[in-house]
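Step one of this worksheet: look at the structure below.
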Amino acid sequence: MDAANYLYLSALLFTIGAVGVVVRRNAIVVFMCVELMLNAANLAFVTFSRINGDLNGQVVAFFTMVVAACEVVVGLAIIVTIYRSRRSASVDDASLLKR
Amino acid sequence: MEFSSPVLNYTLLSPMLILLGGAIIGVLVEAFMSKALRPITQLSVTIGSLILALVQVWRIRNDQSLTAAMGSVVIDGPAVLMQASILIISLISILLIADAQQFTALAASLPGSEEERHALQSGNQVTEVYPLTLFAVAGMMLFPVSSDLITLFVALEVLSLPLYLMAGLSRRRRLASQEAALKYFLLGAFSSAFFLFGAAFLYGYSSSISFSGIRSAVVGGSGNDVFLLIGISFLSVGLLFKVGAVPFHAWSPDVYQGAPTPVTAFMAAATKIAAFGAMLRIYYTVFANAQWSWSPMLIIIAIITMVFGSLVAIAQRDVKRMLAYSSIAHAGFLLTGIIALNKAGLEASLFYLFAYGITTVGAFAVVTLVRDSAGEVTDLNRWKGLGKRSPWVAIAFATFLLSFAGIPLTSGFIGKFSIFSAAYESGATSVVIAGVLSSAVAAFFYIRVIVLMFFTDPVEDGTSVEIPSSLTSITVIFSMIVTIALGVFPAPILDFISNLATFIR
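Chains A and B are the protein sequences, given in the same order. Quick note on numbering: the first sequence equals residues -16 to 82 in my numbering. Quick note on numbering: the second sequence equals residues 1266 to 1770 in my numbering.
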């Protein structure tokens, strides 16, 4: 199969993630959409690795997974703290900081 | 299959290794040391590692190497200058962070809960902010010296993740502080995804993750240009987000306002140096030959950033938000240094970053001092007549504001003058005109605050100026001296920068 199709898939996943971040209101869902975008980038890295016949892209994918895991730790810590103090994880409810 | 062990030049990497080591010691201190000894131990470990790292940076100032870590880290003159600026700014901001009054006693407790009250009364202050700061500083030191895409991405996350947490540690107005952390985190993660996607396409374009490989692909021009353009634009989105350029600025006023002020000071000054450092390296070396692809886009972004930042700052009633919008405008001025793409532009940017960083920390240090019984007073209306009540603090703040405005005899003037003249030299006249005009607009609101402080009668509403602790006074006095010294005798430091400021490729 043509490797370019994986690039289209990656672009599609990235777009779905980006749209999700913009339109969804629950912080957890927004965060999952960000993870989807990171994985779309991973797919692009691996595909390019295959196209270019170079292993570095696959190494990047591993690093990205580790970094994404760290991001989950920090992100969920922040979201859970917000949820405990507000009883809501909606990004619209958090609006104390307005001009 | 044979594996060869990597060759690392530990001397050149030592500033970053010292900081990471210090941070890990800080985590252990937090876990095992008795509560009474913790704050002073953490502060000494943090300051000690920052000073050691600064000494190391000074010792390697004339070294140049592309292979400090198997081609992943490049050490050269600009790298040393950026690392030294980041360290000096972290040193003076850590003196502000040492003020435990600003930080929540127990970040995990619910705001207003019994648990929180208990932690406050028993004096069991957690001090995790110190190791977090050190991790962030280590990431910032690595970010502008990375020379491949993996290192760049990892450094970006190492500098960002601790900052997301630090934004949520405020003692007063905890809900707002947590909200700032959430916003910073979600938007920061969003922009890192763009950054990574751009990196993937640069890899696809050049089939190399190292900057030198991408650079030779750009110079050769044989790859698929669509990949290059997608790569440049998505990577730029990630970087422009970190520096807070319009239209990627939405997080910065909220985070600046919600985060504890010492953290805001650190973040505003040091993150800008790290992010602009990486941008300078990437645009000056990797993308230099594709200048016609990115320069028009950056010119437009620089102009709207300067104009938007300056205009919106006028309408602000909160001093931290005003400084946030002013930092957006300054991001626009700094972008002109990247657009200039010549040696003068690089020197001017390095000088500007250092001068602006010091002034920013000083300004936020003053903000921590103006308080009432409920904590800091950031409403500008309540700063009326500050000059009559506590002239020294008001004079310090006025100096920083004049430097932001770029009035002669302050460091801001030299910075703005050199960065605009470098951009003019390279032919980017439109940016220079927009820059000078928006500087004039910006001067209006800085001077309005000075008038408010000195020529308005004080209102009796319980606002008072805290007697600064000795650590905070050191920060304010040091920032003031540097701001004025760089404005009056800039020649030695300009010469020093000019001798070192050449990227090696």
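Virtual Cβ for every residue (Gly too), placed ideally from N, Cα, C.
{"Query": "Given that a residue counts as buried once 16 or more other Cβ atoms are within 10 Å of its Cβ, and exposed if not, what is HIS1514(B)?", "Result": "buried"}
{"Query": "Would you say LEU(-5)(A) reaches chain B, if we count a Cβ-Cβ gap shorter than 7 Å as a contact?", "Result": "no"}
{"Query": "Kindly list, in the order they appear in chain B, the residues whose Cβ is closer than 7 Å to that of GLY87(A).", "Result": "One cannot answer for residue 87(A) here, as it falls past the ends of chain A, which runs -16 to 82."}
{"Query": "Contact between the region 1627 to 1647 of chain B and the region 1729 to 1742 of chain B: three or more CB pairs below 8 Å?", "Result": "yes"}
{"Query": "Which of the residues in the region 59 to 76 of chain A, read from start to end, lie with their CB under 8 Å from any CB of chain B?", "Result": "ALA60, ILE61, ILE62, THR64, ILE65, ARG67, SER68, ARG69 and VAL74"}
{"Query": "According to the Cβ coordinates, are SER1779(B) and VAL1626(B) closer than 7 Å?", "Result": "Because chain B here runs from 1266 to 1770, residue 1779(B) falls outside it and cannot be looked at."}
{"Query": "Check whether the Cβ atoms of GLY1622(B) and ALA1534(B) sit closer than 7 Å, and answer yes or no.", "Result": "yes"}
{"Query": "Starting from the beta carbon of ALA52(A), find every residue of chain B whose beta carbon is closer than 8 Å, and list them in chain order.", "Result": "Going along chain B, no residue has its Cβ under 8 Å from ALA52(A), so there is no contact; the nearest lies around 11 Å."}
{"Query": "Output, in chain order, the set of chain A residues within a Cβ distance shorter than 8 Å of GLY1287(B).", "Result": "Neighbours of GLY1287(B) on chain A: none; closest Cβ ~20 Å, over 8 Å."}
{"Query": "Buried or exposed: SER1735(B), going by 16 or more other Cβ atoms within 10 Å of its Cβ?", "Result": "exposed"}
{"Query": "Could you name the residues of the region 1592 to 1624 of chain B whose beta carbon sits closer than 8 Å to any beta carbon of chain A, in the order they occur along the chain?", "Result": "none"}
{"Query": "Mind listing which residues of the region 1471 to 1490 of chain B have their C-beta closer than 8 Å to chain A's C-betas, in chain order?", "Result": "SER1472, SER1473 and ILE1474"}
{"Query": "Determine, using beta carbons only, whether ALA(-13)(A) comes closer than 7 Å to chain B.", "Result": "no"}
{"Query": "So the alpha helix (DSSP H) ASP1760(B) belongs to, where does it begin and stop?", "Result": "1756 to 1765"}
{"Query": "Starting from the C-beta of PHE1629(B), find all residues in its chain whose C-beta is less than 6 Å away, skip the five residues before and the five after it, and write them out in chain order.", "Result": "THR1526, THR1529 and ALA1530"}
{"Query": "Would you verify that the beta carbon of LEU1426(B) is, or is not, closer than 7 Å to some beta carbon of chain A?", "Result": "yes"}
{"Query": "State the start and end residues of the unbroken alpha helix (DSSP H) segment that holds ARG1654(B).", "Result": "1651 to 1654"}
{"Query": "Chain A partners of GLU1444(B), CB-CB under 8 Å?", "Result": "ILE65, ALA77, SER78, LEU79 and LEU80"}
{"Query": "Determine the burial state of MET(-16)(A): buried for a count of at least 16 other Cβ atoms within 10 Å of its Cβ, exposed for fewer.", "Result": "exposed"}
{"Query": "With a cut-off of 7 Å, does the C-beta of LEU21(A) fall near any C-beta of chain B?", "Result": "yes"}
{"Query": "Kindly say whether GLU1379(B), judged by its beta-carbon, lies nearer than 7 Å to any beta-carbon of chain A.", "Result": "no"}
{"Query": "What residue does the alpha helix (DSSP H) around ASP1519(B) start on, and which one ends it?", "Result": "1516 to 1523"}
{"Query": "Pick helix, strand or coil for GLU1731(B), following the three-state DSSP scheme.", "Result": "coil"}
{"Query": "With ASP1637(B) as the anchor, note down where its beta strand (DSSP E) starts and where it stops.", "Result": "1635 to 1637"}
{"Query": "Counting Cβ pairs, one atom from each stretch, are 3 or more of them under 8 Å apart for the region 1315 to 1322 of chain B and the region 1341 to 1359 of chain B?", "Result": "yes"}
{"Query": "How would you list, in chain order, the residues of chain A whose beta-carbon sits under 9 Å from the beta-carbon of GLU1393(B)?", "Result": "Under the 9 Å cutoff, chain A gives no residues; its nearest Cβ is about 12 Å from GLU1393(B)."}
{"Query": "Taking only three categories from DSSP, how would you classify VAL1696(B)?", "Result": "helix"}
{"Query": "Whether or not the region 1442 to 1462 of chain B and the region 1483 to 1494 of chain B are in contact is what I'm after, with contact meaning three or more pairs of Cβ atoms, one per stretch, closer than 8 Å; do they touch?", "Result": "no"}
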